[in-house]
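Report on one structure; see the data block that follows.
There are 2 protein chains.
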Amino acid sequence: MSQAKRVINFSAGPATLPLPVLEQIQSEMIVTSDWGMSILEMSHRDPRFVAVLQEAKSRLRRLLALPEDFDILFLQGGSRLQFSMVPLNLAGTSGGPAEYVVSGSWGRHALTEAARLVDARAIWDGRSTNFDRLPAEEAVAPAPEAAYVHFTSNETIQGVQFREMPSWGEARLVCDASSDFLSRPIDFDRIDLLYACAQKNAGPAGVTVVLIRRERWEGVSLDERLPSYLSYAHHASSDSLWNTPPTFGIYVVNLICRWLEEEIGGLAAMARRNAEKAALLYEVLDAFPDRYIGHAVPSARSHMNVTFRLWDEEREAAFLSGAAERGLVGLKGHRSVGGIRASIYNAMSMAGVESLAAWMRTFVGESG
Amino acid sequence: MSQAKRVINFSAGPATLPLPVLEQIQSEMIVTSDWGMSILEMSHRDPRFVAVLQEAKSRLRRLLALPEDFDILFLQGGSRLQFSMVPLNLAGTSGGPAEYVVSGSWGRHALTEAARLVDARAIWDGRSTNFDRLPAEEAVAPAPEAAYVHFTSNETIQGVQFREMPSWGEARLVCDASSDFLSRPIDFDRIDLLYACAQKNAGPAGVTVVLIRRERWEGVSLDERLPSYLSYAHHASSDSLWNTPPTFGIYVVNLICRWLEEEIGGLAAMARRNAEKAALLYEVLDAFPDRYIGHAVPSARSHMNVTFRLWDEEREAAFLSGAAERGLVGLKGHRSVGGIRASIYNAMSMAGVESLAAWMRTFVGESG
Chain A
12 MSQAKRVINF SAGPATLPLP VLEQIQSEMI VTSDWGMSIL EMSHRDPRFV
62 AVLQEAKSRL RRLLALPEDF DILFLQGGSR LQFSMVPLNL AGTSGGPAEY
112 VVSGSWGRHA LTEAARLVDA RAIWDGRSTN FDRLPAEEAV APAPEAAYVH
162 FTSNETIQGV QFREMPSWGE ARLVCDASSD FLSRPIDFDR IDLLYACAQK
212 NAGPAGVTVV LIRRERWEGV SLDERLPSYL SYAHHASSDS LWNTPPTFGI
262 YVVNLICRWL EEEIGGLAAM ARRNAEKAAL LYEVLDAFPD RYIGHAVPSA
312 RSHMNVTFRL WDEEREAAFL SGAAERGLVG LKGHRSVGGI RASIYNAMSM
362 AGVESLAAWM RTFVGESG
Chain B
12 MSQAKRVINF SAGPATLPLP VLEQIQSEMI VTSDWGMSIL EMSHRDPRFV
62 AVLQEAKSRL RRLLALPEDF DILFLQGGSR LQFSMVPLNL AGTSGGPAEY
112 VVSGSWGRHA LTEAARLVDA RAIWDGRSTN FDRLPAEEAV APAPEAAYVH
162 FTSNETIQGV QFREMPSWGE ARLVCDASSD FLSRPIDFDR IDLLYACAQK
212 NAGPAGVTVV LIRRERWEGV SLDERLPSYL SYAHHASSDS LWNTPPTFGI
262 YVVNLICRWL EEEIGGLAAM ARRNAEKAAL LYEVLDAFPD RYIGHAVPSA
312 RSHMNVTFRL WDEEREAAFL SGAAERGLVG LKGHRSVGGI RASIYNAMSM
362 AGVESLAAWM RTFVGESG
């Protein structure tokens, strides 16, 4: 019944969640498991909550085939706080600069913050082509002494995505995976730290997952005046229980991981589904290139956020209102770039994407 | 039905929540209001979420009779992050020291963090009497040039509470009200900033409410290298939407404020209920002074956390297991001090407290 009333939500985040996960949260909102209380009411020190946290970590480790020398942290403050924590922890006292590959708005924000705090610089910047593409491999030449090279695996606003983890010489990579985390397998070979706010594919707003290679926090000397909450070492050495963690968010992350493991069949299967969904929409762009102007060049097209403009900007309102009549919402592009953006994260169904593709074709026909 | 299975939860936080609030969350977990989606799935930029945020602010302002020159922020990172943000924003570039009245473990943590970051010092410290009391008014003499005087209105671990907002000369006060926020009216006359993590009386873990007098952030020059998320000015000038806020937590805070306004009748009524609940337990302590040894001296007794030891430490396990048989859980004292702690926040019912009081009397009788 409640399902019938649900819209098809293309919001860029917070974003649509798997219905079975919402149903489980609902069914145990008043009494979770056999606890006699809600997850919202349980102490974070209670062994039953700690078991949920450990289960979430185990599931993440299995899903991602995460190497053993990585720790998994559940933090607060979103990617914005990571923009500060990464340079302060990984570059603050080292000699080398922090280097940034800037392929969109979020990479730009990350660099701006790092440059306030440490020696940081862009080693590639896609602004001159309006962030519609990714660098050719040879265009990125990190300094051998760089503390790390930061990149954004998927740029939510522009809709450009690294299809593979990049390999830039011997660079140690830091990845902002906020908007494609858990959407596909990840090769961790070059990665020292990966972070993701949860509110795209992994859970509700308010919990941020950080995967950090142990040698990047263990025994590392930090600025003595680093605010304590901002130290990865504090969180990693106390298993995310240095302070009260966002317990409900962690519980939802665990349910989503369970859904990925038990219903979807893992991240490779999830990636196939996501590729199929994205292909449906890009096919429409390619079929009507004079009507739908895709933002990203084909080789950089995101499987998470499909961004395009209409041939006539004045048709946008009609496109969006017609979509809304069909239950298709959240399609307006980010206020900084305009146009249309269809965010098709893990929980967006193929049927939802088919509805949008059908409406796009209909709209072209109606527009004559 | 689900209510029948619920235990009586004396956890210090995350803590018991009002059942009507849990029921509403449950009823609209899949489709919130008429949105066609869950609160967990809605963009923080959507006007319907912004309306929830504004409603929460309006309710807080009414409940607290908050002066107009205060801004209300919803942040992440808990009180631990406030321990850093307060000194970095309010004392970082001023000439005067940050002064701390340390009446328990949390005040001690707040001071320790501030002293790492700025010029900070204790001007009263209750450690010598094991944090069982509060300072006499004349024992606290702030420096005229102090940036602020920080105090903890209720110490969760020791169970000591300022019964009134203190008045220490002309000092501008910063209050950590994490564990008694919304439990009673507050006199804001001397206060420049008050913060509270939500997970006691105000909501789930993961959202922190900050009330800040505008002149303490507007036009204040901050350290240029302050991590951006840690700037009150960023959050206040963008109405807590500088980054993605903890949307679900804010939604729950709003429901709890509505419960306080519409079911309880405001904070004065809530304070009366809380005083009655606390009195029931302290009566038992006073009736059996050789069996139950209260931690706090009577004048400093908390209405939120009632802390005591048994006459014989070896009886504790029996006391706790007998309590659990009666559905009374979460009574073990904090690992740093031991003993028994009954946290009786707003959502703890009088019936729940009566059950505990009855068990305490029974246990004395059974113990002969």
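For the protein sequence lines, the chains are A and B, in the order given.
My numbering applies: residue 12 is where the first sequence begins, and numbers increase by one.
My numbering applies: residue 12 is where the second sequence begins, and numbers increase by one.
Note that beta-carbon positions come from the ideal geometry of N, C-alpha and C, so glycine has one too.
Query                                                                                                                                                                    : Result
I want to see whether chain A comes within less than 9 Å of Q169 of chain B, judged by CB atoms only; does it?                                                           : no
If I'm right that A353 of chain A touches F21 of chain A with Cβ under 8 Å, what's the distance once you round it to whole angstroms?                                    : 5 Å
Does any residue of chain B bring its CB to less than 9 Å from the CB of M53 of chain A?                                                                                 : yes
When you compare the CB of W370 of chain B with every CB in chain A, is at least one pair closer than 9 Å?                                                               : no
Give the interface partners of W258 of chain A over in chain B, defined as CB-CB distance under 9 Å, in chain order.                                                     : Checking the sequence shown, residue 258 of chain A turns out to be Thr, not Trp. Per Cβ cutoff of 9 Å: P25, Q210, P215, A216 and G217.
Does R225 of chain B pass the burial test, meaning 16 or more other C-beta atoms within 10 Å, or should it be called exposed?                                            : exposed
Quick one: grab the DSSP three-state call for K211 of chain A.                                                                                                           : coil
In whole angstroms, what separates the C-alpha of F142 of chain A from that of A150 of chain A?                                                                          : 15 Å
By how many angstroms is the C-alpha of D136 of chain B removed from the C-alpha of A102 of chain B?                                                                     : 20 Å
Taking Cβ-Cβ distances shorter than 8 Å, what residues in chain A pair up with Q37 of chain B?                                                                           : Q37, M40 and I41
By Cβ distance, which residues of its chain are closer than 8 Å to L339 of chain A, with the 5 residues on each side in sequence left out?                               : V18, I19, F21, G363, S366, L367 and W370
Measuring only the C-alpha atoms, how far is Q87 of chain B from V375 of chain B?                                                                                        : 44 Å
By DSSP's criteria, E156 of chain A is part of a beta bridge. Which residues make up the other side?                                                                     : BP columns for E156 of chain A are empty, so no partner.
What is the DSSP secondary structure of M12 of chain B, counted as helix, strand or coil?                                                                                : Low confidence applies to M12 of chain B: its pLDDT is 41, below 50, so where it sits in the model is not reliable, and the reading given next is rough at best. Correct three-state label for M12 of chain B: coil.
Below 8 Å on the Cβ atoms is my guess for S194 of chain B versus N316 of chain B; work out the distance and round it to an integer in Å.                                 : Not a contact, Cβ separation roughly 11 Å.
Taking CB distances under 9 Å as the criterion, tell me whether G338 of chain A reaches chain B.                                                                         : yes
Along the stretch 48-79 of chain A, where does the CB come closer than 9 Å to a CB of chain B? Name the residues.                                                        : M48, S49, I50, L51, E52, M53, S54, H55, R56, D57 and F60
How many Å lie between Q14 of chain A and I41 of chain B at the Cα?                                                                                                      : Residue placement at Q14 of chain A is poorly supported in this model, since its pLDDT is 48, which falls under 50; the coordinates still yield a value, given next. Going by the C-alpha atoms only, they are around 8 Å apart.
List the residues of chain A that V18 of chain B touches, going by C-beta distances under 7 Å, in chain order.                                                           : G47 and M48
List, in chain order, every chain A residue whose beta-carbon is nearer than 8 Å to that of S95 of chain B.                                                              : P238, S239, Y240 and L241
At which residues does the beta strand (DSSP E) containing T219 of chain A begin and terminate?                                                                          : T219 to R224
Would you mind working out which of B:R138, B:A247 and B:T318 sits nearest K68 of chain B, comparing C-alpha positions?                                                  : B:A247
Could you tell me whether any Cβ in chain B is nearer than 9 Å to the Cβ of T255 of chain A?                                                                             : yes
Could you run through the stretch 125-139 of chain B and flag, in chain order, every residue whose CB is less than 8 Å away from some CB of chain A?                     : R127 and L128
Below 9 Å on C-beta distance, what does L99 of chain A contact in chain B?                                                                                               : P238
Pop quiz: A157 of chain B and G107 of chain B are said to be a contact at Cβ under 8 Å. What is the actual Cβ separation, rounded to whole angstroms?                    : 5 Å
Applying the criterion that 16 or more other CB atoms from any shown protein chain within 10 Å of the CB defines a buried residue, is K288 of chain B buried or exposed? : buried
At 9 Å on the CB atoms, spell out the chain B contacts of E235 of chain A, in chain order.                                                                               : R127
Answer yes or no: does any C-beta atom of chain A fall closer than 9 Å to that of S251 of chain B?                                                                       : no
So V396 of chain A packs on L145 of chain A, CB below 8 Å; how close in whole Å?                                                                                         : The structure shown does not extend to residue 396 of chain A, since chain A is modelled only from 12 to 379, so the question has no answer here.
Considering Cα atoms alone, identify which of B:N100, B:P29, B:F60 and B:S95 is closest to L241 of chain A.                                                              : B:S95
Does DSSP classify L84 of chain A as helix, strand or coil?                                                                                                              : strand
For V308 of chain B, count the other beta carbons within 10 Å of its own beta carbon; 16 or more makes it buried, fewer makes it exposed. Which is it?                   : exposed
Assuming G260 of chain A and P215 of chain A make a contact with CB atoms under 8 Å, what is their CB distance in whole Å?                                               : 5 Å
From R236 of chain B to V129 of chain B, what does the alpha carbon distance come to, in whole angstroms?                                                                : 14 Å
Does P29 of chain B come out as helix, strand or coil in the three-state DSSP assignment?                                                                                : coil
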